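Before any comments, here is the structure.
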Amino acid sequence: MRIKGAKMQTKFLPLIFVASLIAGACSGNQSSDSDNASTPTDAPTKDSTTESNQAGNVTLTLLAYDSFTPSPNIFDDFTAQTGIHVEVSLGGDAGELVTKAGLTSGNPEADVLWGVDNTLLSRAVSKNIFTSYATKNLADIDESARKLVPNNEATPVNTGDVCINFDVNWFKQRNLAAPLTLRALTSSNYANLLVVPSPVNSSPGLAFMLATIAEFGQDGWDEYWKSLKQNGALIVSDWTTAYYTEFSGSSGKGDRPIVVSYGSSPPAEMIFANPRPATAPTAVAALTCFRQVEFAGILRGTKHEPEAQLLIDYLTDIKFQEDLPLTLFVYPANTNAKLPDDFVKYSLRPESPLQLDPNLISSNLLFWLDEFTNIVLR
Amino acid sequence: MATIYNRSRTINWLALAPIFLIFVFVIAPVINIFVSSLQFESLNLLRTESTRNVVWFTTWQSLVSTALALTVAVPVAFVSANFKFKAQRLAASLISLPFILPSIVVGVAFLQILPSSFHRTSFALILAHVYFNFGFASRLITARWIQIHPHLDDAARTLGASPFKLFTTLTLPLLAKAITNAALIVFTFCFTSYGVVRVLGGPSRSTLETEIYFRAMQLGDVSGAMIFSALQVVIIAFLFVVTTKATGKKHEQSTRPTITRQIPLRTRKQRVVCTAIISSATAFSIVPVLAIAFRSMNTNSRFTTTAWRTIFSNPEITRSITKTLTYAVTSMSLATLLGLLSACSIAYGNNKFRFISGLTTLPIIISAVSIGLGIIITFDTQPFDWRGAQLMLPLAHTLVALPLAMRIISPVLEAIPDSLRQASSVLGASPRQTWLNIDFKIIRRASISAAAVSATVSVGEFGASSFLARRGTETLPIMISRLLSRPGDSLQSQAFALATLLVMFSLAIIFIVDSFTKDKFSRDSHA
Chain A
1 MRIKGAKMQT
11 KFLPLIFVAS
21 LIAGACSGNQ
31 SSDSDNASTP
41 TDAPTKDSTT
51 ESNQAGNVTL
61 TLLAYDSFTP
71 SPNIFDDFTA
81 QTGIHVEVSL
91 GGDAGELVTK
101 AGLTSGNPEA
111 DVLWGVDNTL
121 LSRAVSKNIF
131 TSYATKNLAD
141 IDESARKLVP
151 NNEATPVNTG
161 DVCINFDVNW
171 FKQRNLAAPL
181 TLRALTSSNY
191 ANLLVVPSPV
201 NSSPGLAFML
211 ATIAEFGQDG
221 WDEYWKSLKQ
231 NGALIVSDWT
241 TAYYTEFSGS
251 SGKGDRPIVV
261 SYGSSPPAEM
271 IFANPRPATA
281 PTAVAALTCF
291 RQVEFAGILR
301 GTKHEPEAQL
311 LIDYLTDIKF
321 QEDLPLTLFV
331 YPANTNAKLP
341 DDFVKYSLRP
351 ESPLQLDPNL
361 ISSNLLFWLD
371 EFTNIVLR
Chain B
1001 MATIYNRSRT
1011 INWLALAPIF
1021 LIFVFVIAPV
1031 INIFVSSLQF
1041 ESLNLLRTES
1051 TRNVVWFTTW
1061 QSLVSTALAL
1071 TVAVPVAFVS
1081 ANFKFKAQRL
1091 AASLISLPFI
1101 LPSIVVGVAF
1111 LQILPSSFHR
1121 TSFALILAHV
1131 YFNFGFASRL
1141 ITARWIQIHP
1151 HLDDAARTLG
1161 ASPFKLFTTL
1171 TLPLLAKAIT
1181 NAALIVFTFC
1191 FTSYGVVRVL
1201 GGPSRSTLET
1211 EIYFRAMQLG
1221 DVSGAMIFSA
1231 LQVVIIAFLF
1241 VVTTKATGKK
1251 HEQSTRPTIT
1261 RQIPLRTRKQ
1271 RVVCTAIISS
1281 ATAFSIVPVL
1291 AIAFRSMNTN
1301 SRFTTTAWRT
1311 IFSNPEITRS
1321 ITKTLTYAVT
1331 SMSLATLLGL
1341 LSACSIAYGN
1351 NKFRFISGLT
1361 TLPIIISAVS
1371 IGLGIIITFD
1381 TQPFDWRGAQ
1391 LMLPLAHTLV
1401 ALPLAMRIIS
1411 PVLEAIPDSL
1421 RQASSVLGAS
1431 PRQTWLNIDF
1441 KIIRRASISA
1451 AAVSATVSVG
1461 EFGASSFLAR
1471 RGTETLPIMI
1481 SRLLSRPGDS
1491 LQSQAFALAT
1501 LLVMFSLAII
1511 FIVDSFTKDK
1521 FSRDSHA
C-alpha cells in the first residue's frame, strides 16, 4: 500500500503539487488520499495545516542499488515524525550509482544516495557528489567505519564481510577439514573445489580480490592467484552464478563446496529455508573475511538539504538500523542497534577482518584489475 | 525509386518525426556525453593488446553466430515459404519466440540445460546467439521468399533446372538482399549483445559491449568507455556501408504473387524433410523455455506452485505486469507509426531519405550505456528534466523497435510496382486515395507484423530499461533481473515464474498478430 502510494506520488507529482496549492488555499488537508496509510492520524481532524504544510509537501528521493530491500513500511515512521515522504529509486548496482551520480554531480537525480561502499568511496568523494553532514547519531556509529570518512563526506550505514563460505555437509561426508585460511585454498586437498565471482563485475568478487591483496601484499597477491588458478579455482561472472549455480551448499545444487560469498550468507540460508534445517548447511571461514562498509550521503545540489539531513539521521537511527540484518543481511553501523537472535546465532562476525585503505584502493584499482585479468582470465 | 508520389511535398514532412526523435533522444545525448567526458589519453586504450583481444573476440563470435543462425534460418524459411502444413502458424509463432526473450533469462535457461562443462565457453555463447536470432532471420527471409512468383520456378524447372540449380541460380539471387539484410541485423545483435555474454561467456570472454559497461560503471572511466563505444559504432557502420554498397543497387521488382507458393505436403520425401526441419527448429525454440517453466515450479528441489501464487499476490509485481503491458501498447503504436513514416519517406523520397535507414539503426549499434549516460546529462535541467519521466521508457522501447519495424515494412513497400499506382492515378484517384487503396492495402500485413515485433521487443527489452526505470516503472525483465540477483531459492523461482509469464505474453502477442495476417491469397492454383 505504501509502495503504491509512493508511486502515485511521483507520477502525479506536478498534479499533486497544483492540487495541494489549491487545497492549501481552501485550508483542506494536503496529503493525497493514497498516503493515508502512512499518515493515518493527521489528515482528517487537523485544522491548522499551515505549519505542517511546508514539510508535508516534500518528497525525498532516496537512490539506492537494486538489492536495497528494507521492510516495505520502514519509512512510515519517518513520514509520521517529519511529514516528509520518501521515495526509493533503484538505479542498478553500486558502481552504476556512483558513475551516474558523478556525471550529474551538483544537479543530482535524487536527494540522498544509499550504498557507496569502501571500494567506491574515494571515487565518489573525488567526483564531489556528496555534501558533507555530521549526523546526530555520529557518536553511536562504529568507530572503524567512521575513520574512513574523517570529514563526514558520507555517513557509514552498515558493515558486512565477504568471506569464504563452505558446504558443511560436503566436508563432513568426506571427513575432510574445511579450508580456514586463504593460503589453505591453494592446497591440493581443495583442488577444483572453489568458485569465485569475478572481481571485474561483481562486488563480492572485488572484495575477495582486495582480501588477497590485504593478506599477501601488493607484491605477493599475483603469485597467490596463479596458484589458485593452478589449483582449479573457477571464476564466474557474478555472485548469483557462483552462489546459486556452482556452489553445492545453496539450493542450486552445483558441485563446488567452497564459494566466495557474504559473512551473512549462512543466516540467510537458514532464515529463508522452509522448513528450516536442524543445522546450518553452510559456514564461514573467519580468517578470510574482508570488511565492506557502506555509506549513505546527501547528494550535492539537492533542493531539500535540511530534509535530507533528517533522512540521514533516520537511516542511522535505531529503528532503521535494526531492520537491516534480516532484510539486507548486513550489520548495523549504529552500535546501539540490537541484532536479532537468529542472525547472531547463525552468522559469524570476524574479530579482525582484512581491510585496505579506500585511497589505496581507488588509486590502484584499475591497475589491479588489469593485472587480475592478465593472470587469471586470459 | 521512382514513384508517383515523388513530386509531393508531403514526403519531406513524413521524414521529420523519425529524424527529430532520433536526433533528440539518441544523437544529441551521445554527442553530449562524448564531448563532455572524452579525454585524449583514453585513445591509448586502442593500442593495448587487451583491446585487440576484445575486438577480435567480439568480431569472430558475431561472424560465427551469424553464419550459424543463417544456416538454421534458411531451411526453416524454405519450408515456411514453400509448404502448407498443419499447425503452421503455431510453429511460426514458437520459432519467433526466442528473439523476444530477455537475454538474462535465456542466459540462465541455457545454464540450466547445458552440462556444466559447456558453461562459460564460446560454444555456449554462440549457441545462445543462434537461438536468439535464427527465428527472426527466418521470418525476414520467409517474407521475401513468399514473394517470389512460383511461375519463375516452374519456368526454370521446365527448362530442365535441377532443384539445386534452381536454388542457386534463381532463388538465392532473388533472396540475396533479404539474406544480407537479415545477416546484418543478426550480426549487429550478436556484436552488441550484453546479457548473454555476461551470463554465458563467463568473465574471461568480454566483448566491446561488456567492456563499455565495465569501464563506465565499475571503473568510472567514462572516457575510456566512450572510446570503445565509438569503436563499436565505426566497425558496425563500416560493415553496413560495405554491404549496402554491394547489394543496395538492385531493386527487385517482383510483387506479391497473386497465387501462393505454399503447397500442401504431397510426397513422402516432402513430409519427412519438412517435419524434420520444422520440428527440430520448434524443439530448439521451446526447450529453454520449458526449462524456465520447469524451474519456476521447483523450489528447493521440490515441486511447488508457491512462486506462482506469490507473484500474483505481490502488488509490486502485479503493477510491473500492468506497466509492461501499457508500455508495450504505447511503444507498439509509436514504433509502427514511425516505422511506417520512415519506410514511406525512404521509398518515396528520391533516395534523398535513404539515410534514415542508417539513422534508425543507431539506437541498436550505439551502446546502451552511452545513450543512457547521455540522456542523464542532457535532460537534466528544467523544463527538460526528464530523467525520471514515465514517457522515457516507452520512448526507449520505441527507438529499439524502430529499426526492426521499418525493416519489416520497407521491403514490401519498395517492391510495389509503380505501374499499380499509375493505373490508379490514371483512373482519377488522388494521391491520397491511391496511397490508401494501393500502398496501404499491400503493406497492411507487414505493418501488423511490425507492430507485433515492436510490442514483443518492448515486453522483453532490458538494456535501456534498466537504465531508465525508476521506482514504480519497472518492467518485467527488470523485476526478473532483480529477483535473480537476490538471495533465496524462492525468489529465484519467482524470477523464473515471471520469465515464464513474459514468454506467455510474447507468445500471445505473436499468435494474435499471426492470426490477423492470415493469408488471404491462399488460392491453391499451384500445381
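One line per chain: the protein sequences are A and B, in this order.
Count the first sequence with our numbering and you get residues 1 to 378, in order.
Count the second sequence with our numbering and you get residues 1001 to 1527, in order.
Just so it is clear, CB atoms sit at the ideal spot from N, CA and C, and this is done for glycine as well.
From a predicted model like this one, the values you see are computed outputs, not experimental measurements.
Under 8 Å: do the segment 220 to 232 of chain A and the segment 186 to 194 of chain A share three or more Cβ pairs, one atom per stretch? yes
Nearest-angstrom Cα distance between Gln1088 (chain B) and Thr1473 (chain B)? 37 Å
Report the option in B:Leu1491, B:Glu1041, B:Ala1124 and B:Gly1358 whose CA atom is closest to the CA atom of Val1222 (chain B). B:Glu1041
Please specify which runs of the alpha helix (DSSP H), each continuous and at least 4 residues long, are wholly inside the segment 241 to 311 of chain A, giving them in chain order. Counting only runs of 4 or more, we get 265 to 272.
Assuming Gly249 (chain A) and Asp161 (chain A) make a contact with CB atoms under 8 Å, what is their CB distance in whole Å? Beta-carbon to beta-carbon, Gly249 (chain A) and Asp161 (chain A) are separated by about 17 Å, too far to satisfy the 8 Å threshold.
Where Gly1107 (chain B) sits in the DSSP three-state scheme: Taken through DSSP and simplified to helix, strand or coil, Gly1107 (chain B) comes out as helix.
Alpha-carbon spacing of Leu1468 (chain B) relative to Leu1393 (chain B), whole angstroms: Approximately 6 Å, taken between the alpha carbons.
Segment contact, 8 Å Cβ cut-off, at least three pairs: the segment 1449 to 1461 of chain B with the segment 1427 to 1435 of chain B: no
Taking the alpha-carbon of Ala178 (chain A) as reference, which of A:Phe343, A:Thr288, A:Leu148 and A:Tyr346 has the nearest alpha-carbon? Of the candidates A:Phe343, A:Thr288, A:Leu148 and A:Tyr346, the one whose C-alpha sits nearest the C-alpha of Ala178 (chain A) is A:Thr288.
Just the C-alpha distance for Arg1268 (chain B) and Ala1276 (chain B), rounded to the nearest angstrom, thanks. 12 Å
Run through chain B and tell me which residues come within less than 9 Å of Val236 (chain A), C-beta to C-beta. Neighbours of Val236 (chain A) on chain B, chain order: His1119, Arg1120, Gly1202 and Pro1203.
Take Pro1018 (chain B) as the anchor and find which of B:Asn1044, B:Leu1070, B:Ser1342 and B:Ser1506 has the nearest alpha-carbon. B:Ser1342
Can you tell me whether Ile1031 (chain B) is buried or exposed, with buried defined as 16 or more other CB within 10 angstroms of its CB? exposed
Do Thr1183 (chain B) and Thr1059 (chain B) have their CB atoms nearer than 8 Å? Inspection of the sequence shows that residue 1183 (chain B) is occupied by Ala rather than by Thr. Not in contact: Ala1183 (chain B) and Thr1059 (chain B) (Cβ atoms no closer than 8 Å).
Chain-order list of residues whose beta-carbon lies under 6 Å from that of Gly1135 (chain B) (same chain, five-residue window excluded): Ile1095, Ser1096, Pro1098 and Phe1099
Closer than 8 Å, Cβ to any Cβ of chain A: which residues of the segment 1373 to 1400 of chain B, in chain order? Leu1373, Ile1376, Ile1377, Asp1380, Thr1381, Arg1387, Gly1388 and Gln1390
What separation, rounded to the nearest whole angstrom, lies between the Cα atoms of Thr1299 (chain B) and Gln1039 (chain B)? 50 Å
Can you give the Cα-Cα distance for Asn201 (chain A) and Phe1214 (chain B), rounded to whole angstroms? 7 Å
Cβ closer than 7 Å: which chain B residues qualify as neighbours of Ser198 (chain A)? Pro1203
Quick check: is the beta carbon of Phe272 (chain A) nearer than 8 Å to any beta carbon in chain B? For Phe272 (chain A), the answer is yes, since a Cβ of chain B falls inside 8 Å of its Cβ.
Identify each residue in the segment 97 to 126 of chain A for which the Cβ-Cβ distance to at least one residue of chain B is less than 7 Å, and report them in chain order. Val98, Thr99, Lys100, Gly102, Leu103, Thr104, Asn107, Glu109 and Arg123
Under the DSSP definition of a beta bridge, which residues are partnered with Gly160 (chain A)? For Gly160 (chain A), which the question treats as bridged, DSSP gives the partners A:Gln292.
Is Phe130 (chain A) helix, strand or coil when you go by DSSP? strand
Alpha-carbon spacing of Thr316 (chain A) relative to Leu324 (chain A), whole angstroms: 11 Å
Based on the DSSP output, what are the partners of Ile141 (chain A) in its beta bridges? A:Asn334
When burial is assigned at 16 or more other CB atoms within 10 Å of the CB, is His1151 (chain B) buried or exposed? exposed
Please report how far the alpha carbon of Asn1012 (chain B) lies from the alpha carbon of Trp1435 (chain B), in whole angstroms. 16 Å
Rounded to the nearest angstrom, how far is the Cβ of Thr1207 (chain B) from that of Val1197 (chain B), given a contact under 8 Å? 5 Å
Tell me, please, whether the CB atom of Leu182 (chain A) is closer than 8 Å to any CB atom in chain B? no
For Leu63 (chain A), does the three-state DSSP call read helix, strand or coil? strand
Pro1411 (chain B) in three-state terms, based on DSSP: helix
Using three-state DSSP, classify Phe1240 (chain B) as helix, strand or coil. helix
DSSP three-state label for Leu1498 (chain B), please. helix
Distance cutoff 8 Å, beta carbons only. Does Ala1216 (chain B) sit that close to anything in chain A? yes
Output the residue ranges of the beta strand (DSSP E) runs that lie fully inside the segment 1015 to 1065 of chain B and measure 3 residues or longer, sorted by chain position. With a minimum length of 3 residues, no continuous beta strand (DSSP E) run stays inside the segment 1015 to 1065 of chain B.
Please decide whether Leu1468 (chain B) counts as near chain A, where near means a Cβ-Cβ distance under 8 Å. no
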